[in-house]
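Below is one structure, written out as structure tokens, with a few remarks after it.
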Ligand SMILES: [Zn+2]
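Numbering (my numbering), first residue to last: 100 to 258.
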């Protein structure tokens with residue numbers, strides 16, 4: 100279980116990336132900031148935002164970077180959080196629920212035919228039903244994780 104839980108406000112891409120890394124992230128784009136603040140407090144989460152007038156709040160990690168990778172670096176450094184490899188791809192990037200590993204056979208009818216028989220892993224979200232697999236986006240994601248130091252230069256064992 101991750102020590103840190105977040106609320107991400109108006110930074111959808113960051114929310115998705117943090118969920119891929121296994122963090123519990125609630126994400127809001129258009130909700131009014133008062134409700135977002137109240138929810139953050141109530142659930143004892145950390146607010147991640149670039150909204151300037153919120154930056155003095157005690158439980159906000161205000162991000163002064165605009166680029167996604169830099170934002171993640173800033174969070175990792177500031178909060179001294181560790182990204183655990185075992186937590187990667189455990190959470191649904193759309194709804195934040197836990198993913199369950201499933202056999203290709205079980206999802207064959209629901210996935211594009213060109214991802215069948217490639218030896219990919221498949222996971223289904225227990226909440227929204229979305230199916231994930233380690234397809235073409237993996238090299239890009241690996242590169243990103245390498246850049247921010249989550250995995251080593253020669254690390255190939257992340258699938
Ligand atoms: Zn989901």
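Beta carbons are placed, not taken as given, at the ideal position from N, Cα and C, and that holds for glycine. For clarity, every value in this text was computed on a predicted model and none was experimentally measured.
Please confirm if the region 143-162 is in contact with the region 182-196, defined as three or more CB-CB distances below 8 Å between the two stretches. no
Among 179, 177, 107, which has the Cα closest to the Cα of residue 134? Position 35 of the chain shown, counting from 1, holds the residue named residue 134. The shortest C-alpha separation from residue 134 is found at 107.
Taking 8 Å as the threshold, find out whether the region 138-156 comes into contact with the region 105-124 through three or more Cβ pairs. yes
Considering only their Cβ atoms, is the gap separating residue 215 from residue 207 smaller than 8 Å? Taking the chain shown and counting its residues from 1, one reaches residue 207 at position 108. Taking the chain shown and counting its residues from 1, one reaches residue 215 at position 116. For residue 207 and residue 215, yes; Cβs fall inside 8 Å.
Between residue 247 and residue 168, is the Cβ-Cβ spacing less than 8 Å? Position 148 of the chain shown, counting from 1, holds the residue named residue 247. Position 69 of the chain shown, counting from 1, holds the residue named residue 168. Result yes, Cβ atoms of residue 247 and residue 168 sit closer than 8 Å.
Establish whether the CB of residue 235 and some CB of chain B are separated by less than 8 Å. Going by chain labels, chain B is absent from the structure shown, which holds only one protein chain.
Give the C-beta separation of residue 229 and residue 199 to the nearest angstrom, bearing in mind that I take them to be a contact with Cβ-Cβ under 8 Å. Numbered from its first residue, the chain shown carries residue 229 at position 130. Numbered from its first residue, the chain shown carries residue 199 at position 100. Contact doesn't hold; Cβ gap of about 12 Å is too wide.
How many whole angstroms separate the CB atoms of residue 150 and residue 109, which I take to be in contact at a CB cut-off of 8 Å? Numbered from 1 along the chain shown, position 51 holds the residue referred to as residue 150. Numbered from 1 along the chain shown, position 10 holds the residue referred to as residue 109. The Cβ separation is near 6 Å, so the contact holds.
Given residue 245 as reference, the closest of 120, 220, 224, 111 once Cα atoms are compared: Position 146 of the chain shown holds residue 245. Among 120, 220, 224, 111, the Cα nearest to that of residue 245 is on 120.
Bounding residues of the alpha helix (DSSP H) (the contiguous stretch that carries residue 242): Start at 1 with the first residue of the chain shown, and residue 242 comes out as number 143. Run containing residue 242: 237-246, per the alpha helix (DSSP H) assignment.
Put residue 103 into one of helix, strand or coil per three-state DSSP. Taking the first residue of the chain shown as 1, we reach residue 103 at position 4. In the structure shown, residue 103 sits in coil (DSSP, three-state: anything other than H, G, I, E or B).
Using the DSSP secondary-structure output, state which residues sit across from residue 198 in a beta bridge. Numbered from 1 along the chain shown, position 99 holds the residue referred to as residue 198. Residue 198 is bridged to 224.
Residue of 225, 227, 204 minimising C-alpha distance to residue 219: Reading the chain shown from its first residue, position 120 is the one you call residue 219. Per the Cα distances, 204.
Hey, how far is the Cα of residue 243 from the Cα of residue 217? Walking along the chain shown from the start, residue 243 turns up at place 144. Walking along the chain shown from the start, residue 217 turns up at place 118. Going by the C-alpha atoms only, they are around 23 Å apart.
Does ligand 1 have even one heavy atom less than 7 Å from the beta-carbon of residue 193? For the purposes of this step, residue 193 is taken as the residue at position 94 of the chain shown. It does: the Cβ of residue 193 is within 7 Å (strictly closer) of some heavy atom of ligand 1.
Proximity of residue 201 and residue 225 at Cβ, strictly below 8 Å: If you number the chain shown from 1, residue 201 lands on position 102. If you number the chain shown from 1, residue 225 lands on position 126. No, these two residues do not count as a Cβ contact at 8 Å.
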